[in-house]
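What follows is one structure encoded as structure tokens, with my remarks underneath.
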Amino acid sequence: MTTRPTSIVDSTNANFSSSNEHCMFKPIEDQSQSWDKYNVSSIPMQSLQTSVTRVVSTSTIEETMLSAPYGIQTPIDEELNIETEDLFRDMLERQIDYVSPNEYSPTASYLPYRRYLVDWMSDVGEQCRLHTSTVHVSILFLDKIFRTNDIPRSQWQLIATACISVAAKYEEAEEHCPPIPDLLQLTRLSQAGHTPLSFRDGEVEVLRHLGWRLRAIPPLHIIGYFLAKGTIFQDDTWQNRPLIEKIPKYVKKYADFFCNLTLQEYSFQEYLPSVLAAAILMASRVALQLEPRWRPELVRLTSYEESDIIDVFTHVWSYYEEQFPGHGHRSISPRGVNGDIVPHL
Numbered sequence: 037m038t039t040r041p042t043s044i045v046d047s048t049n050a051n052f053s054s055s056n057e058h059c060m061f062k063p064i065e066d067q068s069q070s071w072d073k074y075n076v077s078s079i080p081m082q083s084l085q086t087s088v089t090r091v092v093s094t095s096t097i098e099e100t101m102l103s104a105p106y107g108i109q110t111p112i113d114e115e116l117n118i119e120t121e122d123l124f125r126d127m128l129e130r131q132i133d134y135v136s137p138n139e140y141s142p143t144a145s146y147l148p149y150r151r152y153l154v155d156w157m158s159d160v161g162e163q164c165r166l167h168t169s170t171v172h173v174s175i176l177f178l179d180k181i182f183r184t185n186d187i188p189r190s191q192w193q194l195i196a197t198a199c200i201s202v203a204a205k206y207e208e209a210e211e212h213c214p215p216i217p218d219l220l221q222l223t224r225l226s227q228a229g230h231t232p233l234s235f236r237d238g239e240v241e242v243l244r245h246l247g248w249r250l251r252a253i254p255p256l257h258i259i260g261y262f263l264a265k266g267t268i269f270q271d272d273t274w275q276n277r278p279l280i281e282k283i284p285k286y287v288k289k290y291a292d293f294f295c296n297l298t299l300q301e302y303s304f305q306e307y308l309p310s311v312l313a314a315a316i317l318m319a320s321r322v323a324l325q326l327e328p329r330w331r332p333e334l335v336r337l338t339s340y341e342e343s344d345i346i347d348v349f350t351h352v353w354s355y356y357e358e359q360f361p362g363h364g365h366r367s368i369s370p371r372g373v374n375g376d377i378v379p380h381l
């Protein structure tokens, strides 16, 4: 992921020390005051039960759409020969295991350092050629452990690396999981005295903290479902013109970009992943100047009305403009996704 402005550590030059109680990181300035207006109490958040109920219908999403999806040759259900709405319902039910307004902890002691941890874990994931979704899951693991446990800073690198390893074993094919000796060398944990045996102990500690429940649902998983079902429609317009063939590709690029961007900032964890995913989808359509920005087909797909997600969309868009000043006001074309408007993903 390259949405971060600078990488805090080259993974070949990581210098956490398991024997040093002092962390090299400096605290990030507290941004909590900037987001007071986005407190959960001020946002009309839909309950999980309501979300799940909305998805259940007597007909499939494709059958009830007013306009056909654009760029979808074969419905994903036919390709996979499964009812993918069942998977979506399962994600809605399980999403609260890791992220929910009730679990949101804006005063957790590790938060001033979280951005650096996220960047470092992203670098390690890239070096190991893991899927982006695996890195997102590993960071959800880390957040759940750190917000509920007082982990000594001397153990942060070990726990962060163990989160990556456990996430890879759960999310990736076995042949894509990084071997522990290679992971120890890459992160320099071996130079801190860790062996494959002691690292296994770190993995067991992660599993114990997580209660052995490893099904984490980041917004990126839910966005993948939305995109597979179709998020652009035949009668959409792009900059007041008909759609072009590459638009679905660029919607995906923007959706991935916004998922990576919001992963960096803990304040987005006050929203259910499904709510944030829907807001990211809206932000992707707005960034490409697709009209309308929300429509009945998307309500049926995501289970959220525009009014349910507008405050979350505003939060996403404001953070985007804060990180990339001026970009939110420009006229954005698909070419800009690969150019200067959005960093290369």
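37 is the number of the first residue of the sequence shown in this note's numbering; add one for each residue after it. All residues carry an ideal CB built from backbone N, CA and C; glycine is no exception. None of the values given here were measured: they were computed from a predicted structure.
Within the same chain, Cβ atoms closer than 6 Å to the Cβ of residue 214 are found at 164, the five residues on either side in sequence being excluded. Rounded to the nearest whole angstrom, the CA to CA distance from residue 249 to residue 315 is 27 Å. Shown here for residue 264: same chain residues with a beta carbon closer than 8 Å to its own, the five before and five after excluded, namely 112, 120 in chain order. Membership of residue 163 in the alpha helix (DSSP H) is indicated by the continuous run 147–163.
Taking each of 257, 239, 209 in turn and checking the Cα distance to residue 192, the smallest one comes out for 239. Per DSSP, residue 309 is one residue of the alpha helix (DSSP H) stretching across 309–323. For the pair residue 135 and residue 308, the CB atoms are nearer than the 9 Å cut-off. Closest in alpha carbon position to residue 303, among 144, 124, 106, is 144. Rounded to whole angstroms, residue 146 and residue 180 show a C-alpha spacing of 11 Å. When the beta-carbon positions are compared, residue 359 and residue 151 stay at least 9 Å from each other. The continuous alpha helix (DSSP H) containing residue 192 extends over residues 192–207. In its chain, beyond the 5 residues on either side, 130 have a beta carbon closer than 6 Å to the beta carbon of residue 251. Taking the Cα of residue 169 as reference, the smallest distance to any Cα among 208, 189, 117, 236 is reached at 208. Taking the CA atoms as reference points, residue 138 sits about 8 Å from residue 306. Apart from the 5 residues on each side of it in sequence, residue 204 sits with its Cβ closer than 8 Å to the Cβ of 164, 166, 170, 174, 212, 213, 214 in its chain, given in chain order. Going by beta carbons, residue 127 and residue 257 fall inside the 9 Å limit. In this chain, residue 227 is not harboured by any alpha helix (DSSP H), its DSSP state being neither H nor E. Secondary structure of residue 357 (DSSP, three-state): helix.
Counting every other CB atom within 10 Å of its CB across the protein chains shown gives residue 244 a total below 16, marking it as exposed.
Residue 102 counts as exposed, since fewer than 16 other C-beta atoms from the protein chains shown sit within 10 angstroms of its C-beta. At a Cβ-Cβ threshold of 9 Å, residue 156 and residue 196 count as neighbours. Residue 259 and residue 189 have their C-alpha atoms some 34 Å from each other.
By the beta-carbon neighbour count (other beta carbons within 10 angstroms, threshold 16), residue 280 is exposed. The bridge partners DSSP lists for residue 326 are 274. The shortest C-alpha to C-alpha distance from residue 132 to any of 354, 221, 310 is the one to 310. Between residue 318 and residue 345 the beta-carbon gap is near 6 Å, inside 8 Å, which marks them as a contact. Beta-bridge partners assigned by DSSP to residue 269: 105.
Taken in chain order, the complete alpha helix (DSSP H) segments of 4 or more residues contained in the region 237–270 are 255–265. A distance of 9 Å or more separates the beta carbons of residue 246 and residue 232. Going by beta carbons, residue 235 and residue 225 fall inside the 9 Å limit. For residue 300, there is no enclosing alpha helix (DSSP H), as DSSP marks it with neither H nor E. Around the C-beta of residue 117, fewer than 16 other C-beta atoms lie within 10 Å, and the residue is accordingly described as exposed.
When DSSP assignments are scanned along the region 104–141, the uninterrupted stretches of alpha helix (DSSP H) that are 4 or more residues long and fall wholly within it turn out to be 112–116, 120–130. Rounded to the nearest angstrom, the gap between the Cα atoms of residue 242 and residue 160 is 18 Å.
Cβ-Cβ distances below 6 Å link residue 322 to 329 in the same chain, with the five nearest sequence neighbours on each side left out; the list follows chain order.
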